[in-house]
Each structure stands twice: as structure tokens, then as C-alpha cells.
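Asker: Throughout the sequence shown, residue numbering follows this note's numbering, covering 1418 to 1834 in sequence. Below is a structure I'd like to ask you about.
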Amino acid sequence: MIEFKPFKGVRPAKQKAAQVTSENVENYSQEEIVKEIEKNPESFLNIVKPIVVDNLSDEEKVTAKVRHNFEDFMSDEILLTDRKSYYIYEQENNNEQIIIGIIGVISIDDFVAGKIKPHEDTIEKKEKIFDEFLNSAHFQSDPILLTFPENQSIELIMSMTTRHSPTLEFTGRDNHTHRLWQVKDRLVVKQLKTAIEKLEAFYIADGHHRMVSAKRYTDKAREEEPDFFGGEAFNYAMAILVPDNHLKIYDYNRLVKDLNELSKEEFIEKLSTVFTVVEKGDEPYFPSHKHHISMYLEGEFYSLYVNQEYRGIPTGLGELDTYLLEEHVLKPILNIQNSRTNDRLKFIKGTGDMDGVLKIKEKVDSGKFTIGFSFYPISPEDMRLVADEGLIMPPKSTYIEPKFLSGLTIYDLEDYL
């Protein structure tokens, strides 16, 4: 059985939600943070970034200040603590519902046991940033995004809940409408818990670094409290469960600065051993399906169709066009052996449509890059397959939306479940 528990969430007061919540702190420059806090002192940024405003250099002072600000927001009733609950979250953009999910807490032990499955590697430098935040704040303000195959029982409970008026509803700085329903009725909580815990596994869609840092925080807390009994909050991490039919997975495309001293004709000849290459002229196009890649080179587009004998090999990774391009083009032909560190390669977020292809064309036409590749978005099924095989996708294989607002639900790691 996999655990997914209700928790005593900390959230903005109803009339304060729009002021308190913010985009992730990584989306702001230091100057923007200072301006935002000066304009809106009730912003969640005022809690998590006191070092920017107060210019504190002593780590202990910064640590104390972050936690102190958090507790001040609660004392001033800007933030409220709910009784043990789940939360249903919905985000809508231009009257189009783009996500609905359930917020609760997951067991760190389930992650260690392989019941919560990753598909990406993490970067140590970024891990340390999340480590420092957790050790300073002792709370989580951004949920780990998990997914699972569409489930009718869970969908029905979410649908029944969202027929009622939400606990919070507001327009955020991202111009999206955000709705949050507190699920506190004991019967509904039990029904939801039972339905979710019948799932075999959760799959990390976004938040691999937060997951790893949460595990480190738990390890450290257990070392400091060897007699822990399991009900301490530090044994869990906040997550949002989103059925895979509600996920928005976009392509992540590639730009390369040169052809590794090959002529266009030599390069295309080498491609032809793995792909069926079709000239498309100067007319932009978006790949129509998996194993169909759009390539732009010297003012012309080409369709690359992965030849049948290369599809699905190896199991899991062979379903990913990002992997096939890396193994059959970037490494052997273009001599890009490490796509994470090679400065001849640039990743560019796609849009799931022609706009992403036009971005590739613009970058190549500027002269900064020689060639660009656009992909059809990876499916949730293939993402799960890679995770089930215990494998890791190439860097920047997916871009998953939406992103969540910080401070909408907060999990206090110094509390108990």
C-alpha cells in the first residue's frame, strides 16, 4: 500500500490569497523581489527571502528570520492553520480548465522503497539550494507534482467536491484563476484516502529536486531524533496528485551551434542510416506523432522519421525521441557526449504546437545556431514506462505545466500529523 495522508495545511486567509501567493522565487530577480515586497509586504516572498531585504549575512540570523516571518504571518492571521484535510486544487486559464489535483502528504519511506518513481536525474548544486531552504524554513511551500493513470473513483470524488463553493478563489499574478477546496468531511477524506492508496505507485512529474531534498531533511531529522515514532511531519512531504489526463506535457527542443565540421550533405547522409529524411522546403511544420522529428537547417525544414528497427530500443528509453536523437545524432555524429554540460547545445522550451517550431527557426536564422530539432511531446504513458524500468530520461525531455503558486498551501515540518 502507498500512503497519501491529509495534513494540517497552512494557507492564506480568504481575503489575503491574491496578495500572499507568489510565483516561485526562482522566477524573480533580487531587484524584483525587493520591489514586490516593498509594494506588497504580505507577499509570501517576504517570508522566504528576508536576506534580500534585510541584507543579513549571518546564516543563523537568516534561518531565524525566515521562520520568524512565517510565524508572524500566522500570528497576524495572514496565514491560517486548518484542521487535518486534503485539498482539491484547480487552475484555469482563459476559461479553460488545465489542471485539477489533490494536495496531501506522501511518505518519504515510500520514496525510498521505490513506490514514488522518478524519471530525471538531479543536479547537486540545485539540491543544495532546496536543502538550504528546508533547513532554514522548516516548511514546504511548493508541492511535489506527482501523477498516476486516470482513475474513475478519484475523478468522481474530485468532481463531487468541486460542485461546491471553493474555500479560496482568486486570480494570481500569472493571470490564472486558482481555486482551492478544503476536504475535511471525515467520510470524504476516508473515501479519497482509500481510493488513492489502492494505486500501485506515484510518478514524479515535476519536483525531483524537492523530493530528494525532502528525503535529506527527513534523514537529518531522524538522526537528531532517533526515537521518532513516525507521526512527526518530517517523515512526509507535501505533494499534489494529478491524474495524467490533466497534465500538460510540452516538448523540449534542441539547438546546436555547428555540424561538427560536416557539410550539410555529409550530415544528412549520416542521418539517413537511422532516419527516413524528407525535405520540406521553407514551410514550417510541427511533428505529427511520436518518432517524427522536425529539423531546421540552412533555411530548410526536414522531416525525420525514425526507422522501424530503431524504435523502442531499449525498452522505455527507446520510446523517447529525445533519447534516440541523443544516442544516434548528438553523440555519434555531432560529438556532443554530455548534453547536460556541452555549450554547443541549447535546450529551448516548446509549446506543443507551431509556435515552438517558429522559435527554433528564429534562433537558427539569427546565426547563433546552425541546426534545430523539434519533438512531438512525450506522453504520460512513456514517462511512466521509463520510470517503471528504473531509467532516467535525457536532460530536458519534458516541460510540464502548470506551475504552482508558492504559499497557497504550506506544510509545517515542525508539526505532527
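Note that the Cβ used here is the ideal one computed from N, Cα and C, for glycine as well.
1. In the DSSP assignment, what are the bridge partners of asparagine 1510?
2. Can you grab the Cα-Cα spacing for the pair aspartate 1829 / serine 1558, in whole Å?
3. How long is the line joining the alpha carbons of proline 1701 and proline 1794, rounded to whole angstroms?
4. Taking lysine 1501 and lysine 1610 to be in contact with their CB atoms under 8 Å, please state how far apart those CB atoms are, rounded to whole angstroms.
5. Go through its chain and collect everything with a Cβ distance to glutamate 1494's Cβ below 8 Å, but skip five positions before and after it.
6. Roughly how many whole angstroms lie between the Cα atoms of tyrosine 1620 and glutamine 1569?
7. Going by CA-CA distance only, name the one from Pro1583, Thr1588, Leu1562 that's closest to glycine 1624.
8. Give the straight-line distance between the Cα atoms of serine 1705 and arginine 1671, rounded to the nearest whole angstrom.
9. On the premise that alanine 1631 lies in contact with aspartate 1832, defined as a C-beta separation below 8 Å, what is that separation, rounded to the nearest angstrom?
10. According to the Cβ coordinates, are glutamate 1420 and aspartate 1527 closer than 8 Å?
11. Considering Cα atoms alone, identify which of Glu1507, Ala1435, Asp1738, Ile1765 is closest to leucine 1721.
12. What distance in whole Å lies between the Cβ atoms of serine 1791 and isoleucine 1692, which are believed to be in contact at a cut-off of 8 Å?
13. Provide the residue(s) that pair with aspartate 1829 in DSSP beta bridges, ordered along the chain.
14. Would the beta-carbon of leucine 1822 fall within 8 Å of that of glutamate 1440?
15. To test your reading of the DSSP string, which unbroken beta strand (DSSP E) runs of 3 or more residues are found completely within the segment 1616 to 1661?
16. Given a threshold of 16 other Cβ atoms within 10 Å of its Cβ, counted over all protein chains shown, does tyrosine 1458 qualify as buried or as exposed?
17. Roughly how many angstroms lie between the CA atoms of isoleucine 1525 and serine 1783, to the nearest whole one?
18. Does serine 1492 come out as helix, strand or coil in the three-state DSSP assignment?
19. What did DSSP end up calling tyrosine 1702 once you bin it into helix, strand or coil?
20. Less than 8 Å between the beta carbons of glutamate 1453 and serine 1460, yes or no?
21. Decide if the segment 1760 to 1779 is in contact with the segment 1671 to 1682; the criterion is three or more beta carbon pairs, one per stretch, under 8 Å apart.
22. Cβ of threonine 1588 within 8 Å of Cβ of isoleucine 1505?
23. How many angstroms separate the CA atom of methionine 1418 from the CA atom of lysine 1534?
24. Quick check on the DSSP output: the beta strand (DSSP E) that includes valine 1803 runs from which residue to which?
25. Among the residues of its own chain, which have a CB less than 8 Å from the CB of asparagine 1592, if the five just before and after it don't count?
26. Whole-angstrom Cβ separation of lysine 1697 and tyrosine 1719, contact assumed at under 8 Å?
Answerer: Working from what's here:
1. Glu1513
2. 9 Å
3. 17 Å
4. Going by Cβ atoms, the distance from lysine 1501 to lysine 1610 rounds to 11 Å, so no, they are not a contact pair.
5. Ala1430
6. 18 Å
7. Leu1562
8. 17 Å
9. Aspartate 1832 to alanine 1631, Cβ: 15 Å. No contact.
10. yes
11. Asp1738
12. The question names isoleucine, but residue 1692 is phenylalanine in the sequence shown. Not quite, the Cβ-Cβ distance comes to about 14 Å (not below 8 Å), so this is no contact.
13. Phe1556
14. yes
15. 1619 to 1623, 1653 to 1660
16. The sequence given here has proline at residue 1458, not tyrosine. With fewer than 16 Cβ atoms within 10 Å of its Cβ, proline 1458 is classed as exposed.
17. 47 Å
18. helix
19. coil
20. yes
21. yes
22. no
23. 15 Å
24. Taken as a continuous stretch (DSSP letters only), valine 1803 belongs to no beta strand (DSSP E), being part of the alpha helix (DSSP H) at 1797 to 1805.
25. Asn1510
26. 6 Å
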